[in-house]
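Letter 314 of the sequence shown, counting from 1, is numbered 314 in UniProt numbering, and no numbers are missing.
Before any comments, here is the structure.
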Amino acid sequence: MLRVKTSVLIPGQMVAKDIETPENMKLLIKGSVLTKYSIDFLLKWKIEEIYIKEELEEIIHNRATTLERLTDSYNKSLITIISFMEGLKVNNHIELEEVSEIVAEIEKFVDIMPSLKVINQLKDTDHYTHQHSINVGIYATFIGRWLGLKGEELKKLTYSALLHDVGKMKIPPEILNKPGLLTPAEYEIMKGHSKEGYNILKNNKGLGEEIIIGALQHHERENGKGYPQGLTGDKIHLFGKVIAIADIYDAMTSNRVYRGRLSPFETAEKLLESSYGELDISITKLFVEKLSDFFISSFVILNNGKRAQIVAKNQNYPTRPLIRLEDGFIDLSREKNLCILDVI
Ligand SMILES: [Fe+2]
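As structure tokens, then:
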């Protein structure tokens with residue numbers, strides 16, 4: 001452990017001891033990786049020195065480069081998607097070159113992303129629909145890979161997920177961005193986005209049928225209670241099933257004006273509950289299983305306010321792992337009144 005002046009810190013270094021203000025407000029916790037943003041943040045709080053982990057320069061550099069590449073790649077995609085989705089408000093034309101640029105960024109992103117936590121760090125509420133499209137593209141691509149899809153098939157899934165909500169650009173902004181629950185009449189209008197999206201996509205030559213069908217069906221549910229067609233079980237295309245899971249996961253783990261985000265673990269539990277009747281059971285189980293692997297060794301906050309670290313996954317209960325607290329270990333599968341409120 002090294003004591004270093006904040007002014008000479010570099011992105012990629014790892015915090016070795018919790019950093020607090022004189023009033024005991026926690027700014028960063030042990031294990032956090034420094035970014036340009038967090039160093040500025042510490043300087044703003046007039047933290048003069050901190051403890052960092054002693055590591056090889058190469059490790060620090062590689063970590064910083066990966067974070068920078070992910071942030072660049074994400075922001076580049078965001079600018080592109082804002083441009084073509086906003087364009088849909090005035091005409092129905094999709095610039096396929098722009099879409100394929102984002103798909104290529106997502107493929108890179110999925111290749112180098114060390115943790116799904118990164119997406120949470122990049123999210124903001126200002127561009128919710130645009131970010132949501134990219135995030136669903138990323139999550140669906142992960143699920144596709146875990147399902148064994150490759151090459152062109154996987155690429156088609158990424159396209160379909162990225163474009164799943166283009167129809168929302170035809171929904172009046174006062175309904176789309178309403179900071180509260182929709183009235184039944186407004187909800188009916190909102191539900192029209194699947195069909196609107198289908199109309200836009202089918203008029204753009206060059207998008208294959210599977211891409212269009214996946215987007216059309218992302219609100220269909222296994223029990224037939226979804227929309228727009230009320231399809232059941234195997235009548236729903238694989239892409240529609242995958243995008244439904246990615247869509248719900250991203251929506252629940254995002255902050256909205258009218259509600260705070262849920263943790264990945266709370267969301268995973270809700271997804272498993274919904275899998276009885278609404279979502280494809282085997283894809284949901286696969287997603288939850290792989291998702292929990294991403295969070296091993298992460299620091300978390302529990303609903304009793306305590307901080308802990310995830311130590312190991314419980315194979316039978318992936319949403320309730322084994323955690324380490326300052327005073328010992330807890331198996332969350334045996335402590336049903338405890339749950340993970342946040343991943344730090
Ligand atoms: Fe949607």
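Glycine residues also receive a C-beta, built at the ideal position from the N, C-alpha and C atoms.
Three-way DSSP call (helix, strand, coil) for residue i in this model
i	result
residue 25	coil
residue 72	helix
residue 344	coil
residue 299	strand
residue 311	strand
residue 157	helix
residue 3	strand
residue 171	coil
residue 94	coil
residue 331	strand
residue 324	strand
residue 256	strand
residue 150	coil
residue 164	coil
residue 261	coil
residue 275	coil
residue 280	coil
residue 144	helix
residue 291	helix
residue 178	coil
residue 139	helix
residue 267	helix
residue 285	helix
residue 128	helix
residue 87	helix
residue 66	helix
Distance, residue j Cα to residue i Cα
i	j	result
residue 249	residue 282	16 Å
residue 166	residue 86	10 Å
residue 202	residue 50	56 Å
residue 308	residue 106	32 Å
residue 329	residue 141	35 Å
residue 99	residue 271	29 Å
residue 296	residue 59	20 Å
residue 164	residue 266	24 Å
residue 158	residue 205	18 Å
residue 207	residue 300	42 Å
residue 237	residue 65	38 Å
residue 146	residue 152	15 Å
residue 90	residue 193	16 Å
residue 197	residue 162	12 Å
residue 76	residue 168	21 Å
residue 263	residue 13	26 Å
residue 252	residue 260	9 Å
residue 37	residue 298	20 Å
residue 311	residue 339	15 Å
residue 24	residue 132	35 Å
residue 80	residue 173	20 Å
residue 336	residue 71	37 Å
residue 235	residue 33	45 Å
residue 184	residue 104	39 Å
residue 84	residue 218	21 Å
Beta carbon of residue i nearer than 8 Å to that of residue j
i	j	result
residue 112	residue 63	no
residue 186	residue 178	yes
residue 216	residue 224	no
residue 343	residue 319	no
residue 67	residue 6	no
residue 279	residue 222	yes
residue 47	residue 15	no
residue 284	residue 275	yes
residue 156	residue 102	no
residue 302	residue 341	yes
residue 322	residue 316	no
residue 170	residue 227	no
residue 246	residue 143	yes
residue 29	residue 18	yes
residue 78	residue 138	no
residue 39	residue 136	no
residue 233	residue 160	no
residue 82	residue 130	yes
residue 254	residue 128	yes
residue 109	residue 74	yes
residue 57	residue 2	no
Presumed contact (8 Å Cβ cut-off) between residue i and residue j, rounded CB distance
i	j	result
residue 35	residue 27	13 Å between Cβ atoms; not a contact.
residue 200	residue 96	With 8 Å as the limit, residue 200 and residue 96 do not qualify as a contact, their Cβ atoms being about 13 Å apart.
residue 240	residue 220	6 Å
At 3 residues or longer, and completely inside the stretch 5–57: list those beta strand (DSSP E) runs for me, N to C. 26–28, 49–52
4 or more residues per run - each alpha helix (DSSP H) lying fully within the stretch 183–238: 184–191, 193–202, 209–216
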